[in-house]
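Using my numbering, you'd call the opening residue of the sequence shown number 11 and step up by one each time.
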Amino acid sequence: MLGEFTEVARRRPIDLVSPRTAVPCPPGAVRPLPRPAPYAAVRATVSPDVAARARVELALESGSDRFTAWWDPVSGTVGLEVTTGSRTTSHVSRRWGRLPQRPHALALTLTGTHLTLFCGRDGDWRAHARHDLHGRRDVRDLSWLAALHAGAPQADGVLRDVVGGAFGQLGLRDLRWVTEADGAPVRSGEHLLLSATSAGPGFFDTAHTSLWRLHPSTLALEHLSDLFFARSEASGRVGAYGDHATHVVRDGERWLVATSTWGDFDKASRPVRAVLAETDADLLSGEHLLAVRDLPLPTDGFRSVGVWDPHLRRDDSGWRVGYVSARKYFAFHPVLAAGPSLDSLEVTAYDAGRRATEGTTWLEVDGHLRALASDGRDGARGAREQFVVFDDQLRELGTLDAPYPTNLPWPTLARTDDGWLLATFDGTPAGGDILGYGTHGDVVLMRSSGGASAH
11 MLGEFTEVAR RRPIDLVSPR TAVPCPPGAV RPLPRPAPYA AVRATVSPDV AARARVELAL
71 ESGSDRFTAW WDPVSGTVGL EVTTGSRTTS HVSRRWGRLP QRPHALALTL TGTHLTLFCG
131 RDGDWRAHAR HDLHGRRDVR DLSWLAALHA GAPQADGVLR DVVGGAFGQL GLRDLRWVTE
191 ADGAPVRSGE HLLLSATSAG PGFFDTAHTS LWRLHPSTLA LEHLSDLFFA RSEASGRVGA
251 YGDHATHVVR DGERWLVATS TWGDFDKASR PVRAVLAETD ADLLSGEHLL AVRDLPLPTD
311 GFRSVGVWDP HLRRDDSGWR VGYVSARKYF AFHPVLAAGP SLDSLEVTAY DAGRRATEGT
371 TWLEVDGHLR ALASDGRDGA RGAREQFVVF DDQLRELGTL DAPYPTNLPW PTLARTDDGW
431 LLATFDGTPA GGDILGYGTH GDVVLMRSSG GASAH
């Protein structure tokens, strides 16, 4: 239907400090680094020709709270020191807490409630210590974030080129085109626009949403902006979150941003759901903290413990939304819903027979509306490791003739002058074994010369 796809490029932007936000932090003091959300980093080069005899430190501070990443050059030990109020604790990994060689660089990151110490050598960043601040300090509080400082407290010459800023990403996943309300990809000049999940150093609550632009011919990928989400709920879970698995829609003069509440996921007490932001801000540059409300995705007719991956499209009859529902964590299947407004959706189709299918995405092909999704490796026989194509009632029509990368890559397609372009991702990790699952992946780009027209 869309021709045979061939991989043509991979991209893996890794930035502990997002270049667009980086500010110098000369050694000897900490400098103001106010943040809209708890995603911050400070990074430094270790001078190769300066003797280091005392503990070397990088710090993030707010009020009386102080988070320190340290390296002891005498013992080679590295770790984290966390001070909240009058309490100070030290955190050294038994397995990863000693360096065999002098590092070339050091970094301290805050991603959600997680602190991570990175050591760099030959351009490769590896995590050597981490600590979860949950229960110690509410780092999502906006006043706490406004008072954040960063830097290298010592001015002994060991650290140089110290910069602070927003945390960037270890990898990208959950790619979606930014679209008009009718599903047409939004273009900025010659570029296509993408939303992505910027992977953090750990599980899903360390990630956040970012926007990028991709040149359809050169396949150059450039970071544009970062989106965070402000929640205010009766349960008291308020503050700034790095929610992700996002679809950004331009609807006239406003933007709609539908995302999934992975920013504080806990399967027992905080199940994933969808939320929606509406704004007229310029989302294609800078950083944005967007107020959200619930996006009520229906689950009538089947068991559901959570929903995520919303993809929106509007036609003459109203709104259509594709998404994922989990009957348990983690067994999930695609769902389609429709309604005159996003607050009055009803289920139109679901496939509860699938158990590892996500990334539900609308695509119009030759005037026919299709729903695409990704069958993961844990799917049942016949629904495993493939990009599946459905009609608008979730009747299976076939699969894309495309390589299927690792993990659960999404089928994100756009028609270009060179044929169909598929932008997806894989499960390649980064940052070292201490971080566990969630640091993926590579951006995987494929082309097809298939002649069908679509948007």
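For glycine and all other residues, C-beta sits at the position ideal for the given N, C-alpha and C.
Distance CB(residue 188)-CB(residue 37) smaller than 8 Å: Here residue 188 corresponds to residue number 178 of the sequence shown, with the count starting at 1. Here residue 37 corresponds to residue number 27 of the sequence shown, with the count starting at 1. No.
Close beta carbons around residue 295, own chain, < 7 Å, minus the five adjacent residues each side: Position 285 of the sequence shown, counted from the first residue, corresponds to residue 295. Same-chain partners within the cutoff: 234 and 235.
Cβ pair count under 8 Å reaching 3, the region 445-459 against the region 179-186: yes
Rounded Cβ spacing between residue 270 and residue 284 (contact assumed at less than 8 Å): Looking up residue 270 in the sequence shown gives position 260. Looking up residue 284 in the sequence shown gives position 274. Right, their Cβ atoms sit about 6 Å apart.
Pick from 121, 132, 282 and 141 that is closest to residue 444, judged by C-alpha positions: If you number the sequence shown from 1, residue 444 lands on position 434. It is 141.
Residue from 106, 66 and 229 whose Cα sits closest to the Cα of residue 55: In the sequence shown, residue 55 corresponds to position 45, counting from 1. Closest option to residue 55, Cα to Cα, is 66.
Outcome for residue 458 when other beta-carbon atoms lying within 10 angstroms are tallied against a minimum of 16: In the sequence shown, counting from the first residue as 1, residue 458 sits at position 448. Buried.
Rounded Cβ spacing between residue 118 and residue 70 (contact assumed at less than 8 Å): Looking up residue 118 in the sequence shown gives position 108. Looking up residue 70 in the sequence shown gives position 60. Right, their Cβ atoms sit about 6 Å apart.
Whole-angstrom distance between residue 59 and residue 275, CA atom to CA atom: Here residue 275 is taken as the residue at index 265 of the sequence shown, counted from 1. Here residue 59 is taken as the residue at index 49 of the sequence shown, counted from 1. If you take the alpha carbons of residue 275 and residue 59, they lie about 45 Å apart.
8 Å Cβ shell around residue 124 - same chain, five flanking residues per side excluded: The residue labelled residue 124 in the question sits at position 114 within the sequence shown. If we look at residue 124 and ignore the five residues flanking it on each side, its Cβ neighbours are 140, 141, 142, 143, 210, 211, 212, 215 and 216.
Sufficient close CB pairs (3 or more, under 8 Å) joining the region 396-404 to the region 368-381: yes
Residues that residue 347 bridges to, as DSSP identifies them: Sequence index remark: in the sequence shown, residue 347 carries index 337 (1-based). Residue 347 pairs with 331 and 357.
Rounded straight-line distance, which links the Cα of residue 31 to that of residue 472: A query on residue 472 cannot be resolved here, the shown segment of the chain reaching from 11 to 465 and no further.
Test item: CB-CB of residue 424 and residue 155 under 8 Å: In the sequence shown, the residue the question calls residue 424 occupies position 414. In the sequence shown, the residue the question calls residue 155 occupies position 145. No; because the gap between Cβ atoms is not below 8 Å, this pair is not in contact.
DSSP beta-bridge partners of residue 129: For this step, residue 129 is matched to residue 119 along the sequence shown. Answer by DSSP bridge pairing, in chain order: 116 and 136.
DSSP-derived helix/strand/coil call for residue 156: The residue given as residue 156 occupies position 146 in the sequence shown. DSSP places residue 156 in helix when its eight states are reduced to three.
Reduced DSSP secondary structure (H/G/I, E/B, other) of residue 245: Your numbering for residue 245 matches position 235 in the sequence shown. Reliability of the predicted coordinates at residue 245 is poor, the pLDDT of 48 falling under 50, and the value obtained from them is presented with this limitation in mind. The answer is coil: DSSP assigns residue 245 none of H, G, I, E or B.
Beta-carbon spacing of residue 240, residue 163 below 8 Å: Locating residue 240 in the sequence shown gives position 230, counting from the first residue. Locating residue 163 in the sequence shown gives position 153, counting from the first residue. No. Outside cutoff.
Residues near residue 264 in its chain [Cβ-Cβ closer than 7 Å; skip 5 each side]: As a working note, residue 264 is residue 254 in the sequence shown. Here the set comprises 288, 289 and 290.
Buried versus exposed call for residue 99 [16 or more other C-beta atoms within 10 Å across all chains shown]: Reading the sequence shown from its first residue, position 89 is the one you call residue 99. Burial call: exposed.
Buried versus exposed, by CB contacts within 10 Å (16 or more), residue 449: As a first step, residue 449 must be located in the sequence shown, where it is residue number 439. So residue 449 ends up on the buried side.
Residue 33, buried or exposed, once every other Cβ within 10 Å from all chains shown has been counted against 16: On the sequence shown, residue 33 is found 23 positions in, with the first residue counted as 1. Per the 10 Å Cβ criterion, exposed.
Own chain, CB closer than 7 Å to residue 349, minus 5 neighbours either side, in chain order: Within the sequence shown, numbered from 1, the residue matching residue 349 stands at position 339. Counting only Cβ-Cβ distances below 7 Å, and skipping sequence neighbours, we find 328, 329, 355 and 356.
Beta-carbon proximity of residue 306 to residue 353, cut-off 8 Å: In the sequence shown, the residue the question calls residue 306 occupies position 296. In the sequence shown, the residue the question calls residue 353 occupies position 343. Result yes, Cβ atoms of residue 306 and residue 353 sit closer than 8 Å.
Distance, residue 199 Cα to residue 222 Cα: Numbered from its first residue, the sequence shown carries residue 222 at position 212. Numbered from its first residue, the sequence shown carries residue 199 at position 189. Approximately 13 Å, taken between the alpha carbons.
Helix, strand or coil at residue 340 according to DSSP, with G and I counted as helix: Taking the first residue of the sequence shown as position 1, residue 340 is located at position 330. DSSP places residue 340 in coil when its eight states are reduced to three.
Every unbroken beta strand (DSSP E) within the region 233-295, with a cutoff of 3 residues, ordered by chain: 249-251, 254-261, 264-270 and 284-289
Cβ neighbour criterion (16 or more within 10 Å) applied to residue 333: Numbered from its first residue, the sequence shown carries residue 333 at position 323. Residue 333 comes out buried.
Distance between residue 343 and residue 385 (C-alpha atoms, nearest Å): Residue mapping note: residue 385 aligns to position 375 of the sequence shown, counting from 1. Residue mapping note: residue 343 aligns to position 333 of the sequence shown, counting from 1. Between residue 385 and residue 343, the C-alpha separation is close to 9 Å.
Secondary structure of residue 2, DSSP reduced to three states: The structure shown does not extend to residue 2, since the chain is modelled only from 11 through 465, so no value can be given for it.
Where residue 220 falls, given that 16 or more other Cβ within 10 Å makes a residue buried: Translated into positions along the sequence shown, residue 220 becomes position 210. Residue 220 is buried by the Cβ-count criterion.
Where the beta strand (DSSP E) containing residue 457 begins and where it ends: In the sequence shown, counting from the first residue as 1, residue 457 sits at position 447. First-last of the beta strand (DSSP E) with residue 457: 453-458.
Span of the beta strand (DSSP E) around residue 205: On the sequence shown, position 195 is the one that residue 205 refers to. 201-208 is the span of the beta strand (DSSP E), which, as asked, contains residue 205.
Segment limits, beta strand (DSSP E) that includes residue 213: Here residue 213 refers to the residue found at position 203 of the sequence shown. Here residue 213 belongs to no beta strand (DSSP E), and DSSP marks it neither H nor E.
Option nearest residue 422 by Cα separation, candidates 300, 256 and 312: Translated into positions along the sequence shown, residue 422 becomes position 412. For residue 422, the nearest C-alpha among the options comes from 256.
Where the beta strand (DSSP E) through residue 225 begins and ends: Locating residue 225 in the sequence shown gives position 215, counting from the first residue. Taken as a continuous stretch (DSSP letters only), residue 225 belongs to no beta strand (DSSP E), as it is neither H nor E.
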